[in-house]
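Visitor: The opening position of the sequence shown corresponds to residue 0 in numbering that gives the first Met the number 0, with each subsequent residue numbered one higher.
Just so it is clear, CB atoms sit at the ideal spot from N, CA and C, and this is done for glycine as well.
Sending over a structure as structure tokens; questions will come in a sec.
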Amino acid sequence: MHRQAKSLQLRHLDAGSCNGCEQELTALTSRYYDMQQFGLDLVASPRHADALVVTGPVTDTMKEPLRKTWNAVPRPKRLVAFGDCAAGCGVFQEAYASHGGVAAAFEAPDLVIPGCPPQPADVLKQIRRLQTGDEKPSAPNP
Ligand code: SF4
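Now the structure itself:
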């Protein structure tokens, strides 16, 4: 039986991204992908969020903001690693100020969306799995 999908508010945190991932995330709010029709939206405050979407490899300067932002999201909450850098296999993984992704720097995400950057249609499909609780962390790209 198909479960009823709930709305899902997303707070995005740039943890050292090159901004490629942000462009694709922003594309989801365009008329073409129109993620609001599925009850998905980006919110300005972590207090209003159901999930935290992290881009970038988690740099030294963003490790503490990531912890604080995550702590500000009310429970129940989900952690999403968006893109290869956040997944721990991106081009910035070995950079001197990088902590090698969300799992290595912080904690294991509930959902990993691979790609450099991920394609919006695929992102939409995977994020929607969070609405029904069907998510299983995807394997990052080799
Ligand atoms: S995964 Fe690719 S597009 Fe996203 S932040 Fe890393 S290098 Fe940039």
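#1: Do Val90 and the ligand SF4 come close, with the Cβ less than 7 Å from some heavy atom?
#2: To the nearest angstrom, how far is the alpha carbon of Leu65 from that of Tyr31?
#3: Based on the DSSP output, what are the partners of His11 in its beta bridges?
#4: Under a Cβ-count criterion, where at least 16 other Cβ atoms within 10 Å of its own Cβ denotes burial, should Arg46 be classed as buried or exposed?
#5: Does the beta-carbon distance from Gly15 to Gly55 come in below 8 Å?
#6: Secondary structure at Ala80, three-state DSSP: helix, strand or coil?
#7: Determine the closest residue to Lys67 out of Asn18, Ile126, Phe105 and Gln22, with distance taken between C-alpha atoms.
#8: Helix, strand or coil for Thr28? Go by DSSP, reduced to three states.
#9: List the endpoints of the continuous beta strand (DSSP E) containing Asp40.
#10: Hey, quick one: how far does the alpha helix (DSSP H) through Val101 stretch, first residue to last?
#11: Please say whether Ala48 and Val57 have beta carbons closer to each other than 8 Å?
#12: Answer yes or no: does any C-beta atom of chain C fall closer than 8 Å to that of Arg30?
#13: Thinking C-beta only, is Ile112 closer than 8 Å to Ala71?
#14: Using DSSP bridges, identify the partner residues of Val148.
Guide: Considering the structure as presented:
#1: yes
#2: 30 Å
#3: Val52
#4: exposed
#5: yes
#6: strand
#7: Phe105
#8: coil
#9: Leu39 to Leu41
#10: Val101 to Ala104
#11: no
#12: In summary, chain C is missing from the structure at hand, where a single protein chain is found.
#13: no
#14: In this structure the chain extends from 0 to 141, so residue 148 is not present and cannot be described.
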